[in-house]
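For the sequence shown, full-length UniProt numbering gives the first residue as 1, with consecutive numbering after it. Ideal Cβ placement from N, Cα and C applies to all residues, glycine included. Bear in mind that the values here come from a model prediction, so they are computed numbers and not experimental data.
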Amino acid sequence: DIGDPLRGKDLFLGNDKEKDQRKQLDKNLKKIFKEIYDDVTKTNGEAAKKRYKDGKDPNYYQLREDWWNANRAKVWEAIACNDDDKLANASYFRKTCSDEQGGAHFINKCRCNGDQVPTYFDYVPQYLR
């Protein structure tokens with residue numbers, strides 16, 4: 001799940017090549033979240049500094065978690081949804097929407113009930129996905 005590495009909670013170790021790529025990704029994420037931290041603490045001052053421990057967390061875990069919570073639906077929508085329905089028949093996601101016959105894929109612009117983007121996948125522990 002994209003949310004796990006973004007939040008710094010990815011359990012998958014992978015092979016050596018993947019480990020190197022993951023280290024590079026984490027390095028880039030730290031740089032990005034440092035910039036976000038600097039911007040947030042400039043605009044929100046002491047409250048933000050207090051929440052994010054005055055920048056003493058070099059990995060910015062709380063900020064990453066907050067960013068993910070604020071942007072989760074948009075990220076999932078960008079990944080799984082598209083206007084031209086190229087992913088309409090993709091089966092990456094298990095059947096999760098209810099219909100008269102049980103579980104169903106969400107094929108209407110990737111939503112259940114026409115409005116629910118499947119952001120709940122990142123709540124499932126990684127080892128169970």
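Between residue i and the rest of its own chain, which residues show a CB-CB distance below 6 Å, the 5 nearest in sequence each way excluded?
| i | result |
| --- | --- |
| E65 | R7 |
Would you decide whether residue i is buried or exposed? Buried here means 16 or more other CB atoms lie within 10 Å of its CB.
| i | result |
| --- | --- |
| T43 | exposed |
| G3 | buried |
Leaving aside the five residues before and after residue i along the sequence, list all residues of the same chain whose C-beta is less than 7 Å from its C-beta, in chain order.
| i | result |
| --- | --- |
| N59 | G8 and K30 |
| F33 | Y60, L63 and R64 |
| W68 | G3, L6 and R7 |
Put residue i into one of helix, strand or coil per three-state DSSP.
| i | result |
| --- | --- |
| P5 | helix |
| A104 | Only weak support is given to the placement of A104: the predicted model assigns it a pLDDT of 49, under 50, and the question is left unresolved by the model. |
| K17 | helix |
| K53 | helix |
| F12 | coil |
| N59 | coil |
Taking 7 Å as the threshold (C-beta atoms), are residue j and residue i in contact?
| i | j | result |
| --- | --- | --- |
| A47 | T41 | no |
Whose C-beta lies closer than 8 Å to the C-beta of residue i among residues of the same chain, with five residues either side of it excluded?
| i | result |
| --- | --- |
| L25 | P5 |
Should residue i be flagged as near chain D, meaning a C-beta pair shorter than 7 Å?
| i | result |
| --- | --- |
| I2 | In the displayed structure, chain D is absent; only one protein chain is listed. |
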